[in-house]
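J.: Same order as they appear, the protein sequences are chains A and B. With positions in the first sequence counted from 1, the corresponding number in this note's numbering is that position plus 11. With positions in the second sequence counted from 1, the corresponding number in this note's numbering is that position plus 1471.
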Amino acid sequence: MLPTPEQIRSFQRDGFVAIGPLVDETALAGLRDAFEALERRWAAELDVTVERYRTVVSQWTGLWEQHHAFAVQIHHPAIERVARALLGVERLQLFHDHLISKPPAHSSTVPWHQDYPFWPVNAPRALSCWLSLDGATADSGALHFMPGAHRDGEKPPVDFLAHNKDWGPRAKDAVAVPVEAGQVIFHDCLSWHYSPPNHTDRPRRAFIAIYMDADCRWAPAHSGWHPMNELVSVGPGEHFNTDRFPTIRRADLDEASP
Amino acid sequence: MSRTLSMFSATADLEGALTTLTATACGLPRDGGRLTVSRAAELLSSDAGHAGLLALAERLGVAAGELPSRPALARMFDDEMLSMRALKAHRGRNVYSAGKLALWNALWVPFRDQLLPREDAIALLTELVALRTVAGNPDLLRCADVLTTRLTALGFSIERLTREGHAPILVARRAARGLRGRVVLYGHYDAAETPATDWTTDPWILQERDGRFYGCAVGDNKAPLAVRLAAIASMDRTPELIWVLQGEEECGSPFAHAAFPELLRGLQATLFLEENGYHDLDGTQRLLARTLGEGGASLAPDVVLDRVNTALSRDASDWGLKSRVEVRGLNKDFFGGGCPFNRHLPPGSRYLAIGVNDPASGIHRPNESVPTWTFALHARQLTTVFREVDRAAGGSL
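In structure tokens, the structure reads:
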């Protein structure tokens, strides 16, 4: 599947576009089952009940290295094609994946921010593919965007614990982007977005794969600190090592996974 | 110690805050280094530690109802430590430091304003440190002007004693505001020069790290100036105040030695307050108190000074500190002739030295510093001194 010209224009104009469902219910159920199996394993490793674990731990990175289902998911053909088309690059490389959970009664606001200022990547040629595992509504913590704000360029990184951007009169332009399970929000790494708490009794989980142009280089000086730096085994200015930052298979060229 | 929790330094911010809070609540030595979250959890979640926290709240006027119960606090610490274990074990965490934020809001925010240096004191100290007030530098006069402006804004009238080739002596006077008695404060605005190359940071830019302020002359004598100015600005009631500030202490005080004998003899203070004072490394406060005898001899404190010392010991105790009285003056014999303030106090004067330094302050040396936790205590003790001077002057003793 390729994005339509209107979807590409929308992404370029607004900094985000929601497309899909791109992942069918069977695959989604597989991802949810895989994640819940991981949660049970992790909780057991830490000697707490999974219920208690879920009230505290709410974000994980590197799931593709921890469960086959996510290792397959980062190469999802439709998502790869759309992401590559939206970025307009030849080849994608995974910067990292992560899963964010906003369980009922145990979540908070993630303030307005851009992603790229936090990343040790040399150029803003990257996007996030935000796959909703449960669906997200305005009151369950859907992503909100400020359309077009990515075109203002990169701003200093936001301190999530200390600041929330005051948009002034522009605040009225902010939009919630509710999605069904299986839909993917593709958003530019310079897009401005935030998410409110989950006020419902439903889970709100999203699996996010961050893809960059495979020609991007490691630039630790660009950001003060990032957990991915620990996984880098190349020097500043070099391409990321593909063992921890895998190149994404092109659905139209490469063979399927073994 | 931070006023705000930042996601870029959340662990250090929280551990710094918990270290100060736990030391104050549990009476821990101040030289024990920074507590980890898990060690703070052990201490504050214990029956004794939580009781200490509630007692501290009572002493500092924090509503105990604002604080979490012991089980709730233990749960909050458990949550954060679970998040830390998850991060180490499988790259999971409590999203965006939510557990640290919860502890910060529950434990540090209620005490923050009582235990942190006032922001206006830090701003003034920043300004004072930036002035290169070493002998011969025009910043000496600029600093005298800054202090004149600040003191004038607080209602002091300024007499500027001048002599060709010397830094001016400022004699700032303010009439009593609701309290009886007269306190004479002493201080100086010049700095001892140390080679900038021997510093690890720019000596003329105030730096805060690991619970200390670094900068040239912070311990001698700019931090006490800043703390006292900010504290007095916040007080509704003070006794009559006379503040004598000279600018040549670090070069032997030639002008002050000439001017002080007559000046100090005529001031007839209820109490003379020295420029600064010291804590031991573990935080124990040294209360240097004496009555001046003939020839500068140090005599035992009189009944008024005893009352002052008792009240100051209570303040120290509120901060979880021990204290001890030493019958002597502050050791400042860096130059022949000694300190003009100490040397020329008239017999019978009550003398007190309390302040913000500790043995690590390293005055006159590279990387001079003062512990940040002493600022709030010193501001409080200034209020205590003024209150006790009022009692003494009222003839109630």
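Virtual Cβ for every residue (Gly too), placed ideally from N, Cα, C. Note that the coordinates shown come from a computational prediction; the quantities given were computed from them, not determined experimentally.
Can you give me, in chain order, the residues of the region 147 to 175 of chain A that have a beta carbon less than 7 Å from any beta carbon in chain B?
T.: D170, F171, L172 and A173
J.: Using the Cβ count rule (16 or more neighbours within 10 Å means buried), how would you classify A:I85?
T.: buried
J.: Are the region 162 to 181 of chain A and the region 119 to 136 of chain A in contact at 8 Å, needing three or more beta carbon pairs?
T.: yes
J.: What distance in whole Å lies between the Cβ atoms of B:A1740 and B:V1655, which are believed to be in contact at a cut-off of 8 Å?
T.: 4 Å
J.: Would you kindly check if the distance between the Cβ of B:R1644 and the Cβ of B:P1871 is under 8 Å?
T.: No answer is possible for residue 1871 of chain B: the residues shown for chain B start at 1472 and end at 1868.
J.: By the three-class DSSP mapping on this structure, what secondary structure does A:H117 have?
T.: coil
J.: Taking just the CA atoms, how far does B:M1547 sit from B:E1746?
T.: Between B:E1746 and B:M1547, the C-alpha separation is close to 43 Å.
J.: Anyone know if the C-beta pair for B:H1728 and B:P1811 falls short of 8 Å?
T.: yes
J.: In angstroms, rounded to a whole number, what distance separates the CA positions of B:P1830 and B:R1757?
T.: 11 Å
J.: Taking B:E1720 as the reference, which of B:A1606, B:G1833 and B:G1520 has the closest Cα?
T.: B:A1606
J.: For the alpha helix (DSSP H) holding A:F22, just list the boundary residues, first then last.
T.: P16 to D25
J.: Residues of the region 1560 to 1582 of chain B with a CB closer than 9 Å to any CB of chain A: list them in chain order, please.
T.: A1560, H1561, R1562, G1563, R1564, N1565, V1566, Y1567, S1568, A1569, G1570, K1571, L1572 and W1575
J.: Does DSSP put B:R1814 in a helix, in a strand, or in coil?
T.: helix
J.: By Cβ distance below 7 Å, which residues in the same chain neighbour B:L1524 in space, the five residues on each side in sequence not counted?
T.: A1496, L1515 and L1538
J.: Name, please, each residue of chain B whose Cβ falls closer than 7 Å to the Cβ of A:L57.
T.: L1553, R1556, A1557 and A1560
J.: Taking the alpha carbon of A:W71 as the point to measure from, which residue in A:A220, A:D265, A:D224 and A:A160 has its own alpha carbon closest?
T.: A:A220
J.: Would you decide whether B:R1584 is buried or exposed? Buried here means 16 or more other CB atoms lie within 10 Å of its CB.
T.: Inspection of the sequence shows that residue 1584 of chain B is occupied by Asp rather than by Arg. Result: exposed.
J.: If you follow the alpha helix (DSSP H) that B:D1861 is part of, which residue opens it and which one closes it?
T.: T1845 to A1864
J.: Between A:W141 and chain B, is there a C-beta pair that is closer than 8 Å?
T.: no
J.: Between B:N1828 and B:F1805, what straight-line distance do the alpha-carbon atoms span, to the nearest angstrom?
T.: 17 Å
J.: Starting from A:G41, find everything on chain B with Cβ-Cβ shorter than 7 Å and list it in chain order.
T.: Within 7 Å Cβ-Cβ: nothing; A:G41 doesn't reach chain B, min ~20 Å.
J.: I'd like the span of the beta strand (DSSP E) that includes A:Q104, first residue to last.
T.: For A:Q104, the enclosing beta strand (DSSP E) begins and ends at L103 to S112.
J.: If we define contact as Cβ-Cβ less than 8 Å, is B:T1475 a contact residue for chain E?
T.: Reference to chain E is not applicable here, since the protein chains of this structure are A and B.
J.: Between which two residues does the alpha helix (DSSP H) containing B:S1820 stretch?
T.: Counting along the chain, B:S1820 falls outside any alpha helix (DSSP H), and DSSP gives it neither H nor E.
J.: I need the DSSP call for B:S1832, collapsed to helix, strand or coil.
T.: coil
J.: Is DSSP giving A:M239 helix, strand or coil here?
T.: helix
J.: Could you tell me whether any Cβ in chain A is nearer than 8 Å to the Cβ of B:D1584?
T.: no
J.: According to DSSP, which residues form a beta bridge with A:Q77?
T.: Per DSSP, none; premise fails for A:Q77.
J.: Between A:I111 and chain B, is there a C-beta pair that is closer than 8 Å?
T.: yes
J.: Does any C-beta atom of chain B lie closer than 8 Å to the C-beta of A:Q70?
T.: yes
J.: I need the DSSP call for A:W123, collapsed to helix, strand or coil.
T.: strand
J.: Please confirm whether A:S119 has its beta-carbon closer than 8 Å to some beta-carbon of chain B.
T.: yes
J.: Return yes when the Cβ of B:A1694 is within less than 8 Å of the Cβ of B:V1841, no when it is not.
T.: yes
J.: With DSSP as the reference, identify every bridge partner of A:M223, one or two as the case may be.
T.: Looking at the DSSP output, A:M223 bridges to A:Q104 and A:A137.
J.: Around the Cβ of A:S244, are there at least 16 other Cβ atoms within 10 angstroms (buried) or fewer (exposed)?
T.: exposed
J.: Would you kindly work out how many angstroms separate the C-alpha atoms of B:A1481 and B:A1488, rounded to a whole number?
T.: It is roughly 11 Å from the alpha-carbon of B:A1481 to the alpha-carbon of B:A1488.
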